[in-house]
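For the sequence shown, the numbering used here gives the first residue as 1, with consecutive numbering after it.
Note sheet for the following structure.
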Amino acid sequence: MRKIKIATIIFLVCVGICLCAILGYALTMEPGAWSRNRDSYSLVQEEEIDISGIRSLEIDYGGASNDVYFYEGSGDTILIREYMNYTPKDNQISAILREGDTLAIKGRKRWLFTFLLFRFGDAYTEIYLPAGFAQTLRSMEVKTVSGEISSKLPFRLQEGFGASSTSGDIFFPGIQSEKIDMCSTSGNICLEEAAASGISASTTSGDIALGRVLGNTTLSSTSGMLTLTQLSGDLRASTTSGDIVLGEMDGGMNLSSTSGNISLEHGRGNLEAETVSGDIRSETLEGAFRLDTTSGTVSILGGEGQGTAESVSGDIRIFLENPTGDFEVSTTSGNVDFKLPDTEGYSLDFDSTSGECGTFFDQALTFNKRGNHAEGKYGNGVRTIRVSTVSGDLRIVRWEAAGTESE
Numbered sequence: 001m002r003k004i005k006i007a008t009i010i011f012l013v014c015v016g017i018c019l020c021a022i023l024g025y026a027l028t029m030e031p032g033a034w035s036r037n038r039d040s041y042s043l044v045q046e047e048e049i050d051i052s053g054i055r056s057l058e059i060d061y062g063g064a065s066n067d068v069y070f071y072e073g074s075g076d077t078i079l080i081r082e083y084m085n086y087t088p089k090d091n092q093i094s095a096i097l098r099e100g101d102t103l104a105i106k107g108r109k110r111w112l113f114t115f116l117l118f119r120f121g122d123a124y125t126e127i128y129l130p131a132g133f134a135q136t137l138r139s140m141e142v143k144t145v146s147g148e149i150s151s152k153l154p155f156r157l158q159e160g161f162g163a164s165s166t167s168g169d170i171f172f173p174g175i176q177s178e179k180i181d182m183c184s185t186s187g188n189i190c191l192e193e194a195a196a197s198g199i200s201a202s203t204t205s206g207d208i209a210l211g212r213v214l215g216n217t218t219l220s221s222t223s224g225m226l227t228l229t230q231l232s233g234d235l236r237a238s239t240t241s242g243d244i245v246l247g248e249m250d251g252g253m254n255l256s257s258t259s260g261n262i263s264l265e266h267g268r269g270n271l272e273a274e275t276v277s278g279d280i281r282s283e284t285l286e287g288a289f290r291l292d293t294t295s296g297t298v299s300i301l302g303g304e305g306q307g308t309a310e311s312v313s314g315d316i317r318i319f320l321e322n323p324t325g326d327f328e329v330s331t332t333s334g335n336v337d338f339k340l341p342d343t344e345g346y347s348l349d350f351d352s353t354s355g356e357c358g359t360f361f362d363q364a365l366t367f368n369k370r371g372n373h374a375e376g377k378y379g380n381g382v383r384t385i386r387v388s389t390v391s392g393d394l395r396i397v398r399w400e401a402a403g404t405e406s407e
């Protein structure tokens, strides 16, 4: 026991010495070094590069805290300006190199100290590109640790685009490329327009927001929200505790969330969606669907299609003006509601432990004495509806031209 106490005291003393050393070093820094206010940053490097022969950009601050900003310049050369909030040594200033047809900016490793809520040892780099130059490149890759990556101008690349940051945000107004790959750990990713054969964006705790997108897309986040306004292409999106919010989608959709909600404004394509404690909601859908949730509500409120839906404790609502195939629905304690046109023919098979069944074609059905089982055929019976519940009820009403937006 005595040895443990001695070891604990020695450990605490060492921690105290380290904290004092960090504080002492910080106090020797010039004024402003504790602040991220840009007024405290000074220009430490400026260089102009002839653009002739340059086809690729590689910016690597993988070992430093450094923001990277792209602007449109006024001349016909690439202008690079590097700012720091401390006086650097020569070996802390970035190296600017031409390697064949590639312009490379390589950040040097810098010590980055953190004390309480204060940071120092930061830097940022401004890159000014001639008008139209961002539309002629073959490829570009930008990497930083805790810095932001942001651009005021769009890029059109022949091959690939990559951007990665550990704790910084990534923003571009537009990227057109053969392949787009963006990732951040705790930062947000925002891309207003994108076109590529393959698009990938991933974060751990940050949000992802994409505007108009053309190409097959993969989005993933652990606790962030995923938002996509418009897509032409297939989508695969997954998050653990964040929501998935989609606008106009034209392509297959594979969506999953653990505790978040999934919402779709208008989808043209097959939809597969699953969540544990969140809702799944589609305003309109044109395609087959497979929907699965544990404690959330499942809703398709318009469109055409066919498919399966399953929920444990949530309700299921399927409202379609044009059913194109069969339906198979199951729930434990939730109710099931259909809104379908009476111009179609249906074969119904309903089975429940304690739930009841009510349809606009009850006269065509056979009920058991308890009323928890019903089967029969309405019209030609071309569309099969199979519904099973434990304590939930089934209701099927006519789709009507007026008021179909109401739930």
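For each residue, glycine too, the CB sits at the ideal point set by N, CA and C.
In this structure, the alpha-carbon of LYS109 lies about 5 Å from that of GLY63. In this structure, the alpha-carbon of ASN368 lies about 29 Å from that of ASP292.
Taking the C-beta atoms as reference points, ASP122 is found no nearer than 7 Å to SER186.
For SER165, the three-state secondary structure derived from DSSP is strand. Only buried fits PRO323, as 16 or more other CB atoms lie within 10 angstroms of its CB. With three or more CB-CB distances shorter than 8 Å, the stretch 307-325 counts as touching the stretch 277-291. In this structure, DSSP gives ALA64 a state outside helix and strand, which the three-state scheme calls coil.
A check of alpha carbon separations from ILE385 across SER391, LEU340, GLY392, GLU356 identifies LEU340 as the nearest.
Around the Cβ of GLY392, a 10 Å sphere holds 16 or more other Cβ atoms; the residue is buried. The straight-line gap separating the alpha-carbon atoms of ASP326 and THR222 is approximately 35 Å. Contact fails between the stretch 134-153 and the stretch 79-94, because fewer than three Cβ pairs, one in each stretch, are under 8 Å apart.
For GLY242 and LEU153, the gap between their C-alpha atoms comes out near 30 Å. Contact between the stretch 227-235 and the stretch 206-214 is established, with three or more Cβ pairs separated by less than 8 Å. ASP90 carries a helical assignment under DSSP once its states are collapsed to helix, strand and coil. Using a 10 angstroms sphere on the CB of THR87, the tally of other CB atoms stays under 16, which defines it as exposed. The residues LEU228, LEU264, in chain order, have a CB closer than 6 Å to that of LEU246 in the same chain once the five nearest residues on each side in sequence are set aside. Take the alpha-carbon of SER257 and the one of LYS143: they are about 29 Å apart.
Every unbroken stretch of the beta strand (DSSP E) spanning 3 or more residues and falling wholly within the stretch 252-279 is given here in chain order: 253-257, 262-268, 271-275. In the three-state DSSP reduction, PHE327 falls in the strand class (E or B). Between the beta-carbon of GLY215 and that of ILE189 there is about 16 Å, and that puts the pair past the 8 Å contact cut. Within the same chain, Cβ atoms closer than 6 Å to the Cβ of ARG138 are found at ARG55, SER56, GLN158, GLU159, the five residues on either side in sequence being excluded. When the Cα atoms are used, SER52 and ALA104 turn out to be separated by approximately 15 Å. Around the beta carbon of ASN380, a 10 Å sphere encloses fewer than 16 other beta carbons of the protein chains shown; the residue is thus reported as exposed. For GLU46, the pairing in a beta bridge is given by DSSP as ARG81.
About 7 Å separates the Cβ atoms of PRO130 and THR77, confirming a contact at the 8 Å cut-off.
Just so you know, the alpha carbons of GLY260 and ASP279 end up roughly 7 Å apart. Within the same chain, Cβ atoms closer than 7 Å to the Cβ of ALA163 are found at VAL142, ILE149, ILE170, MET182, the five residues on either side in sequence being excluded. C-alpha of SER232 to C-alpha of SER311: approximately 29 Å in a straight line. The Cβ atoms of LEU394 and PHE350 sit closer than 7 Å to each other. At a Cβ-Cβ threshold of 7 Å, SER202 and SER220 count as neighbours.
Around the C-beta of LEU97, fewer than 16 other C-beta atoms lie within 10 Å, and the residue is accordingly described as exposed. Its chain contains LYS106, LYS143 as the residues whose beta carbon lies nearer than 6 Å to that of ASP60, once the 5 sequence neighbours on both sides are disregarded; these appear in chain order.
Secondary structure at PHE360: coil, using DSSP grouped into helix, strand and coil. Burial state of LEU43 is exposed, judged by a 10 Å Cβ sphere holding fewer than 16 other Cβ atoms.
Residue burial is scored here from C-beta neighbours: SER388 has at least 16 other C-beta atoms within 10 angstroms and is therefore classed as buried.
Note: ARG383 is bridge-paired with TYR346 in the DSSP secondary-structure output.
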